[in-house]
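**Q**
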Amino acid sequence: MTELRGRALSLLGRFYGYRSFRPGQYEVIEAVASGRDAVVIMPTGGGKSICYQLPALLAERGCGIVVSPLIALMQDQTQGLVANGIPAAAIHSNRSEEENRRIFAAASAGRIKLLYVSPERLLLDVERFRMLDVSLFAIDEAHCISQWGHDFRPDYTALSALRDNFPGVPVVALTATADRLTRADIVSQLGLRSPYCYLGSFDRPNISLRAYVSPDKRTRIRFIADLARRYPSDSGVVYCLSRKGAESMCKALEGAGLRSVCYHAGMTAEERDRSLRAFLAGDVRVVCATVAFGMGIDKSNIRWVVHCNMPGNIESYYQEIGRAGRDGLPAEAVLFYSYADVVMRRNFASESGQSEVNMEKLARMQAYAEARVCRRRILLSYFGEERSCDCGNCDNCRRPPERFDGTVLAQKALSAVMRTGQQVGVKMLVNILRGAQRSDIRLAGYDRLPTFGVGSDLLYEEWNDYITQMLQLGLLEMAYERGNRLNVTPYGMRVLRGSERIELSVCPPPQSYKMKKEQAAVACSGVPDADTGLFEYLKSVRTEVARSCGMPPYLVFSDATLLDMARRRPTDMLGLLEVNGVGEKKAARFGPRFLRALAEWRVTGGIKKG
Numbered sequence: 067m068t069e070l071r072g073r074a075l076s077l078l079g080r081f082y083g084y085r086s087f088r089p090g091q092y093e094v095i096e097a098v099a100s101g102r103d104a105v106v107i108m109p110t111g112g113g114k115s116i117c118y119q120l121p122a123l124l125a126e127r128g129c130g131i132v133v134s135p136l137i138a139l140m141q142d143q144t145q146g147l148v149a150n151g152i153p154a155a156a157i158h159s160n161r162s163e164e165e166n167r168r169i170f171a172a173a174s175a176g177r178i179k180l181l182y183v184s185p186e187r188l189l190l191d192v193e194r195f196r197m198l199d200v201s202l203f204a205i206d207e208a209h210c211i212s213q214w215g216h217d218f219r220p221d222y223t224a225l226s227a228l229r230d231n232f233p234g235v236p237v238v239a240l241t242a243t244a245d246r247l248t249r250a251d252i253v254s255q256l257g258l259r260s261p262y263c264y265l266g267s268f269d270r271p272n273i274s275l276r277a278y279v280s281p282d283k284r285t286r287i288r289f290i291a292d293l294a295r296r297y298p299s300d301s302g303v304v305y306c307l308s309r310k311g312a313e314s315m316c317k318a319l320e321g322a323g324l325r326s327v328c329y330h331a332g333m334t335a336e337e338r339d340r341s342l343r344a345f346l347a348g349d350v351r352v353v354c355a356t357v358a359f360g361m362g363i364d365k366s367n368i369r370w371v372v373h374c375n376m377p378g379n380i381e382s383y384y385q386e387i388g389r390a391g392r393d394g395l396p397a398e399a400v401l402f403y404s405y406a407d408v409v410m411r412r413n414f415a416s417e418s419g420q421s422e423v424n425m426e427k428l429a430r431m432q433a434y435a436e437a438r439v440c441r442r443r444i445l446l447s448y449f450g451e452e453r454s455c456d457c458g459n460c461d462n463c464r465r466p467p468e469r470f471d472g473t474v475l476a477q478k479a480l481s482a483v484m485r486t487g488q489q490v491g492v493k494m495l496v497n498i499l500r501g502a503q504r505s506d507i508r509l510a511g512y513d514r515l516p517t518f519g520v521g522s523d524l525l526y527e528e529w530n531d532y533i534t535q536m537l538q539l540g541l542l543e544m545a546y547e548r549g550n551r552l553n554v555t556p557y558g559m560r561v562l563r564g565s566e567r568i569e570l571s572v573c574p575p576p577q578s579y580k581m582k583k584e585q586a587a588v589a590c591s592g593v594p595d596a597d598t599g600l601f602e603y604l605k606s607v608r609t610e611v612a613r614s615c616g617m618p619p620y621l622v623f624s625d626a627t628l629l630d631m632a633r634r635r636p637t638d639m640l641g642l643l644e645v646n647g648v649g650e651k652k653a654a655r656f657g658p659r660f661l662r663a664l665a666e667w668r669v670t671g672g673i674k675k676g
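Heads up: the sequence shown is residues 67 to 676, going by this note's numbering.
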């Protein structure tokens, strides 16, 4: 073991309570600690923050500057770090300037190892920050810098100035949602020099995926209420397209007996903060929100996310469902959608700065909602991750539609794409396969291709459906930067050459799908391999401790930590320190109360006295 790895593991155990790194973490830490730039793509809950926090702690001197887009996110992160015994702080507009100056002075004196700041504040005070001994820059939610990203923020583009002002300081860019184009744009915009790139798996296998077409409002409310009751001590998020929709849903859920709050951009900053704090503290069960809510929220026991309307693109959808199950325990993501959602989203897309790209991304999102193939494979292939087998944890895997060997059909389409030099989009490809006599096809010479007309036995709608499935399964990818032309992926090439086969779902006749009552029920995965009663009891102790300390319960210990505690049942402090997620500071602060609770449980066998 190298000296650096030994030191990093020691800090990981001391401050975070973990005995080993997750895949990819140490390699990023090693690169950044040696002064190299890095790009880190990891799913929500995958451990991105440790990739920049540990290099800052490993640095013998200096302060790591973390660029974050939201004040609530900064507060959440710094509170968690301080709870772990790490000196951290944030400079933002919700503090007085005197307090901000005091924090900056502490950083200058070397008393703070991680300093969080917004991009606007950093660039406004760049001369002051140049006087700091900066060990690294971490750009959180880095997809915000890219015009191709789903949450583009102009303030982030000015961060390109960091390279000029801090030429010798390593920059690490981190995000959970970046497709191929966005990843390349992050490197370009930030001027990263031969960065170490880690592309982790986008898979979140603990989240079950479902989609339902057009249930009425009463059905949606009943469904959400039932979902919440299956997780009585946990939380959920309901995403709505509009502020009015969020308020209406919140009122309806309150009427159904669920403690709920709203969160949207039409509320004042104080109102939003009040809603967020109540949700994080566990005082309310549900937050009904627009897309204004959620970036970077680290609440570990969000067990379900429901979308009452269809998002505008898969990146947004993936990030929003990623707020569920951050602790790795079973969670659920449910999407309700209707044609009215599509119409409204088309209006939004047509009025955006990149209407052609956004319209195509909306089409991909609609295809996901209407899909009859494994939903997880669709999400993974969208981000360029190959998966040749179904997940078994989505509605289409649980109740698979009729399927057939689509290898020959796929080979026809893939061959046609290759013979055009990968220069056509979906519509042109369908017309080539069907042998359509069109002037644009004759002008391009596509009518002379061997594949012209090889699919004339299928309707336009059928070919469109099967090509969409090929996109969803990762045989083809959409090159947005080339006018939405199709590229054949390495997986597609293997199918084309006959070394792999592919199954497609039979294209159904046009019909109206309604949410069936039996579809609304899904098996709720229980707590695995542990005494459920003890797990719930430890949760109640955590709530008691959190209230006495004035902090959110998940910052005391996560559900995953409590689950490990319930499995191990430690009897002393040394045993407690073996529990994943129990570091030295938390063991000293909270350990006696939890050890007492475990002792009481052993004596009473779970039967409360009195």
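Backbone N, C-alpha and C define an ideal beta-carbon position, used for all residues, glycine too.
Taking Cβ positions, are Y383 and P377 nearer each other than 7 Å?
**A** Closer than 7 Å, so yes.
**Q** Using 10 angstroms around the beta-carbon of A653, count the other beta-carbons present and answer buried if the total reaches 16, otherwise exposed.
**A** Buried is the call here.
**Q** If V200 and V235 are in contact, beta carbons under 8 Å, what's the gap, nearest whole angstrom?
**A** About 5 Å; that satisfies the 8 Å criterion.
**Q** Identify whether G321 lies in helix, strand or coil by the three-state DSSP scheme.
**A** Note: G321 maps to helix in three-state DSSP.
**Q** Taking only three categories from DSSP, how would you classify T637?
**A** It is coil, neither helix nor strand.
**Q** Per DSSP, D471 is paired with what?
**A** Beta-bridge pairing links D471 to E569.
**Q** So A155 is in the alpha helix (DSSP H); what residue range does that whole segment cover?
**A** Taken as a continuous stretch (DSSP letters only), A155 belongs to no alpha helix (DSSP H), being part of the beta strand (DSSP E) at 154 to 157.
**Q** How would you label K283, buried or exposed, when you count the other beta carbons within 10 angstroms and need 16 or more for buried?
**A** So K283 ends up on the exposed side.
**Q** Starting from the C-beta of D364, find all residues in its chain whose C-beta is less than 8 Å away, skip the five residues before and the five after it, and write them out in chain order.
**A** Cβ within range, chain order: D142, Q143, G146, R392, Y620.
**Q** Tell me the residue span of the alpha helix (DSSP H) that contains A429.
**A** Run containing A429: 421 to 435, per the alpha helix (DSSP H) assignment.
**Q** By the three-class DSSP mapping on this structure, what secondary structure does H373 have?
**A** Residue state, collapsed to three classes: strand.
**Q** Below 7 Å CB to CB, which residues in the same chain sit around I444 once its five sequence neighbours on both sides are set aside?
**A** So the qualifying residues of the chain are Y434, A437, Q538.
**Q** Should A626 be counted as a contact of the ligand MN given a C-beta to heavy atom distance under 6 Å?
**A** Because no ligand of any kind appears in the structure shown, any question about the ligand MN cannot be addressed here.
**Q** Between the region 631 to 646 and the region 598 to 606, do three or more beta carbon pairs fall short of 8 Å?
**A** The region 631 to 646, when compared against the region 598 to 606, does touch it at the 8 Å Cβ threshold.
**Q** Pick helix, strand or coil for T670, following the three-state DSSP scheme.
**A** Helix at T670.
**Q** Quick test of your reading: I252 and V105, contact by CB under 8 Å. State the CB separation rounded to the nearest angstrom.
**A** Right, the Cβ-Cβ distance comes to about 6 Å (below 8 Å), so this counts as a contact.
**Q** With DSSP run on the structure shown, which of helix, strand or coil describes N646?
**A** Coil.
**Q** Straight-line CA distance for G83 to K114?
**A** Whole-angstrom Cα-Cα distance: 16 Å.
**Q** Between R469 and V572, which are expected to be in contact by the criterion C-beta below 8 Å, what is the C-beta distance as a whole number of angstroms?
**A** About 7 Å; that satisfies the 8 Å criterion.
**Q** Go ahead and label S366 buried or exposed: buried means 16 or more other beta carbons lie within 10 angstroms of its beta carbon, across all protein chains shown.
**A** Buried is the call here.
**Q** Can you grab the Cα-Cα spacing for the pair I290 / S454, in whole Å?
**A** Straight-line Cα distance between these residues: approximately 33 Å.
**Q** Compare the Cα-Cα distances from A125 to each of E566, G101, I137 and report the closest residue.
**A** Measuring from the Cα of A125, the nearest candidate turns out to be G101.
**Q** Which of the three DSSP states, helix, strand or coil, is assigned to G83?
**A** Correct three-state label for G83: coil.
**Q** Quick one: measure Cβ to Cβ for Y264 and G90, integer angstroms, because I've assumed they're closer than 8 Å.
**A** Indeed, because the Cβ distance is near 5 Å, the residues count as touching under 8 Å.
**Q** Are at least three pairs of beta-carbons, each pair with one atom in the region 174 to 183 and one in the region 117 to 137, less than 8 Å apart?
**A** Contact between the region 174 to 183 and the region 117 to 137 is present, because at least three Cβ pairs lie under 8 Å.
**Q** Below 8 Å, how does it come out for the region 418 to 430 and the region 296 to 307: are there three or more Cβ pairs, yes or no?
**A** The region 418 to 430 vs the region 296 to 307: no contact.
**Q** Exposed or buried, P574, counting other C-beta atoms within 10 Å across all chains shown (16 or more means buried)?
**A** Exposed is the call here.
**Q** Report the CB separation of I205 from V98 in whole angstroms; it is logged as a contact under 8 Å.
**A** Not confirmed; about 12 Å, so no contact.
**Q** DSSP state of Y92, grouped into three classes?
**A** Y92 falls in the helix class under three-state DSSP.
**Q** If we count the other Cβ atoms within 10 Å of its Cβ and call it buried at 16 or more, is T68 buried or exposed?
**A** Exposed, since its Cβ has fewer than 16 Cβ neighbours within 10 Å.
**Q** Taking 7 Å as the threshold (C-beta atoms), are G257 and S280 in contact?
**A** Not closer than 7 Å, so no.
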